[in-house]
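Residue numbers (my numbering): 1111 to 1221.
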C-alpha cells in the first residue's frame, strides 16, 4: 500500500472541506487527512505509516474508540471489511499481520 504525503493530499483534495475528512484505502488504511481530522481524532502524522489504519485505531486506540458514536456497529463494519479482503487476498502479508495483531491485542476483536 502506498501512503500519500498528508500535506500534498491535504492541499490538493482536503483543504477546502469544512469538516474533518480522511481518504481511506479499501482496507481502511488512512492515506491522507485534513487538519480538522487531526484536531478531532489523533495527530496521524505522528504515527508510523503502518499504524495509520482506521481498523487498528478502532480496536486498539481507546481515545479513537471513545469518539465513535456507535462503536459496536463500527467494529462490525471493520470486521466485515477484513473478512472481505481476507477472502480476496489470502496471501497478503500486511493483511494477515493486521489480523494477527488485532487477535493478540483486542478481546473485542476476538469476540
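Cβ atoms here follow ideal geometry from the backbone N, Cα and C, with glycine treated the same way.
Sub-8 Å separation of residue i and residue j beta-carbons
| i | j | result |
| --- | --- | --- |
| residue 1141 | residue 1152 | no |
| residue 1143 | residue 1128 | no |
| residue 1214 | residue 1205 | no |
| residue 1183 | residue 1138 | no |
Extent of the continuous beta strand (DSSP E) to which residue i belongs
| i | result |
| --- | --- |
| residue 1142 | 1140-1143 |
Cβ-based burial, residue i [other Cβ within 10 Å; buried from 16]
| i | result |
| --- | --- |
| residue 1188 | buried |
| residue 1194 | exposed |
| residue 1176 | exposed |
| residue 1147 | buried |
| residue 1186 | exposed |
| residue 1126 | exposed |
| residue 1163 | buried |
| residue 1200 | exposed |
Counterpart residues of residue i in DSSP-defined beta bridges
| i | result |
| --- | --- |
| residue 1133 | 1142 |
| residue 1163 | 1139 |
Residue i, enclosing alpha helix (DSSP H) - first and last residue
| i | result |
| --- | --- |
| residue 1204 | 1203-1215 |
| residue 1177 | 1172-1177 |
Meets three-Cβ-pair contact criterion under 8 Å: the region 1201-1219 and the region 1156-1172
Because the criterion of three Cβ pairs below 8 Å is met, the region 1201-1219 and the region 1156-1172 touch.
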